[in-house]
Structures are given as C-alpha cells and as structure tokens.
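> First the structure, which I've put down as structure tokens, then a few questions once you've had a look.
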Amino acid sequence: MLDKRTQSLKIATAETLATLQDMRRWGVEHIYENSPSAQELLPPCAELESSNSTAAPCRVETLEEIRAEMGDCQRCLLSSTRNNLVFGAGNPKAALVFVGEGPSRREDEQGEPFVGEAGQLFNNILFAMGLTRDAVYICNVIKCRGPHNRDPGVDEIAACAPFLKRQLNAINPQVLVALGTLAAQSLLQDKTPISKLRGGWCSYNGIDLMPTFHPAYLLRNPEFKRELWQDMKQVLQRLHSKDM
Ligand code: SF4
Numbered sequence: 000m001l002d003k004r005t006q007s008l009k010i011a012t013a014e015t016l017a018t019l020q021d022m023r024r025w026g027v028e029h030i031y032e033n034s035p036s037a038q039e040l041l042p043p044c045a046e047l048e049s050s051n052s053t054a055a056p057c058r059v060e061t062l063e064e065i066r067a068e069m070g071d072c073q074r075c076l077l078s079s080t081r082n083n084l085v086f087g088a089g090n091p092k093a094a095l096v097f098v099g100e101g102p103s104r105r106e107d108e109q110g111e112p113f114v115g116e117a118g119q120l121f122n123n124i125l126f127a128m129g130l131t132r133d134a135v136y137i138c139n140v141i142k143c144r145g146p147h148n149r150d151p152g153v154d155e156i157a158a159c160a161p162f163l164k165r166q167l168n169a170i171n172p173q174v175l176v177a178l179g180t181l182a183a184q185s186l187l188q189d190k191t192p193i194s195k196l197r198g199g200w201c202s203y204n205g206i207d208l209m210p211t212f213h214p215a216y217l218l219r220n221p222e223f224k225r226e227l228w229q230d231m232k233q234v235l236q237r238l239h240s241k242d243m
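Using numbering that gives the first Met the number 0, the letters of the sequence shown correspond one by one to residues 0 to 243.
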C-alpha cells in the first residue's frame, strides 16, 4: 500500500510525463532554461507612464533599457561638446550606489565614471571599505561634460535628472552616497552646502542617503579625507545593519 506522499508524487510524475508527451506532439523538442519569466515579458512601467496607461501590469525597467532609450542623447546643449555620454557602471543590483556630479575630462574621454586622479582616490576609498567597483554602482547626476568644465545649467540638470531617477529605481539600492554639492542638492532638493549636509543621514525616496565630499574636492583639500572616512564608516555600519 503506497503512502499518500508517494501516491501524490506518482500522480504528479504521470501528469508531467503526459504534458511532455503532449508538448512533443506540438513539435517542442527542447525546454529552454533561461526563457524570460512572465514578469520579464511585461512592459516597463516607465513606458506605460509616458503613454498614460498606468493601470496595466508592468515591471521595473532595466539599466540597459534606460541606456538604450537615451541613445545619442541630444536633450540638452551639453550634447554638443561632449565626447562620450557617461551613463554609469557597476553592479546593476548593487546594495550601495555612489552618485557624483558630472563627468570630468578623463571621464568624458573614456566614457567611464570615476576615472583619472579622483577615480583613483575613489578606488582607494572603496578598497578601504573592503569593496570593489564591481560590487557597487557608480554614476553621475549629469551624464555629459560641459564646455570648459562649466557647471550645468538648471535646464540641463532638469533634462538629465530623470535618467538618474530611473537608474536608481532600476537598481533599488539599500544605501546611496551623494558625492559633492550637486549630487546631494539634486537628490535632496536642498540648497544646504555639502559641508553642512555631510555626515548626517538623509532619505531619497525611502533610501538611506549619506551626503559627503566628492573625491575631486578631496584632492584639492586633503585635510577633509578624515571626514569622508567617518562618513564611509557610517555607510558600512548601515549596510551591515541591513545584512548586506
Ligand atoms: S547631459 Fe543628459 S540630457 Fe543633456 S545631452 Fe547629456 S545625457 Fe542628454
């Protein structure tokens, strides 16, 4: 006499075999392991928002989709002088995201965020935190370098900021670090100088945000490296408290 568990297993196996035989009759010869899930087949929510069909089921868009939509972006005047659009780099599922200001000359040349001398200092900060660039995600508020490194205008920030918002929505990190005045002020919509904001926890759309100095500022003012490290220790503690 079969016990109930064995009996259920036998029935499930027979049903699976019948289904597979039926599929074979359809001409199915191979079941793919990495077929997209039902969730992946839904349209991105951002796509529906732009067509005002917000009631339909949708999913969070991917970084690749956001980058593809930007294309050879001409949405503001900075496009006319940039060499490369610097989208961002790193782990698309990172628990920790660093947001800088805009591309430096080296970033503009290479199309990569946080390269050059400030990038090296940034790498050292990550190393001291026990992290690598692959473990985190790094990007800037503004994706293109201004002519003669001028600050971006309000209209340029407004044109580019939605992409950062969508990137952060796609990654959904546990902790954000805003590096420098422009990053902190853009994310927080707060005009307080970074010297006053740094070191205190803030919130961006429910994500813990730590404002601190930009590595390029620390190259010019190395006496503030101690403050940055205090801020990064708080970031590590916060990540550990979330079991990341
Ligand atoms: S700064 Fe942003 S909005 Fe302006 S051209 Fe570059 S990517 Fe487009």
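Heads up, the beta-carbon is just placed ideally off N, CA and C, and yes, glycines get one too.
Quantities reported herein were computed from a predicted structural model and do not represent experimental measurements.
Taking the alpha-carbon positions, what's the A182 to V153 distance?
Taking the sequence shown and counting its residues from 1, the one referred to as residue 182 is at position 183. Taking the sequence shown and counting its residues from 1, the one referred to as residue 153 is at position 154. Distance between the alpha carbons of A182 and V153 is about 13 angstroms.
> Going by beta carbon distance, what residues of the same chain come within less than 8 angstroms of G115, once the five residues before and after it are set aside?
Within the sequence shown, numbered from 1, the residue matching residue 115 stands at position 116. Only S103, R104, R105 and E106 meet the Cβ criterion.
> Per DSSP, I206 is paired with what?
Here residue 206 is taken as the residue at index 207 of the sequence shown, counted from 1. Its beta-bridge partners are Y203.
> Between D207 and L227, is the Cβ-Cβ spacing less than 9 angstroms?
The sequence position of residue 207 within the sequence shown is 208, counting from 1. The sequence position of residue 227 within the sequence shown is 228, counting from 1. For D207 and L227, no; Cβs fall outside 9 angstroms.
> On the CB-based measure, 16 or more other CB atoms within 10 Å of its CB, does R132 come out buried or exposed?
Indexing the sequence shown from 1 puts residue 132 at position 133. That one is buried.
> Quick check: the segment 216-234 against the segment 71-80, are at least 3 beta-carbon pairs closer than 8 angstroms?
Flag = no, the segment 71-80 and the segment 216-234 do not touch.
> Whole beta strand (DSSP E) runs in the segment 143-186 with 3 or more residues, listed along the chain?
As far as the segment 143-186 is concerned, its whole beta strand (DSSP E) runs of at least 3 residues are 174-178.
> Measure the beta-carbon distance from K142 to F86 and round it to whole angstroms, keeping in mind my assumption that it falls under 8 angstroms.
Sequence index remark: in the sequence shown, residue 142 carries index 143 (1-based). Sequence index remark: in the sequence shown, residue 86 carries index 87 (1-based). With a Cβ gap of about 6 angstroms, K142 and F86 count as contacting.
> So what does F126 bridge to, in DSSP terms?
For the purposes of this step, residue 126 is taken as residue 127 along the sequence shown, with counting starting at 1. Its beta-bridge partners do not exist; DSSP assigns none.
> Please determine whether the Cβ atom of S185 lies at a distance below 8 angstroms from any heavy atom of the ligand SF4.
As a working mapping, residue 185 is identified with position 186 in the sequence shown. No, since every heavy atom of the ligand SF4 falls outside the 8 angstroms radius drawn around the Cβ of S185.
> Does at least one heavy atom of the ligand SF4 sit under 8 angstroms from the Cβ of R81?
Along the sequence shown, one-based indexing puts residue 81 at 82. Yes, the ligand SF4 has a heavy atom inside 8 angstroms of this Cβ.
> Can you have a look at I124 and say buried or exposed, based on whether 16 or more other CB atoms are within 10 angstroms of its CB?
Walking along the sequence shown from the start, residue 124 turns up at place 125. Buried.
> For the beta strand (DSSP E) containing L95, list its first residue and its last residue.
Here residue 95 is taken as the residue at index 96 of the sequence shown, counted from 1. Residues L95 to G99.
> What did DSSP end up calling P43 once you bin it into helix, strand or coil?
As a first step, residue 43 must be located in the sequence shown, where it is residue number 44. Three-state DSSP puts P43 in a strand.
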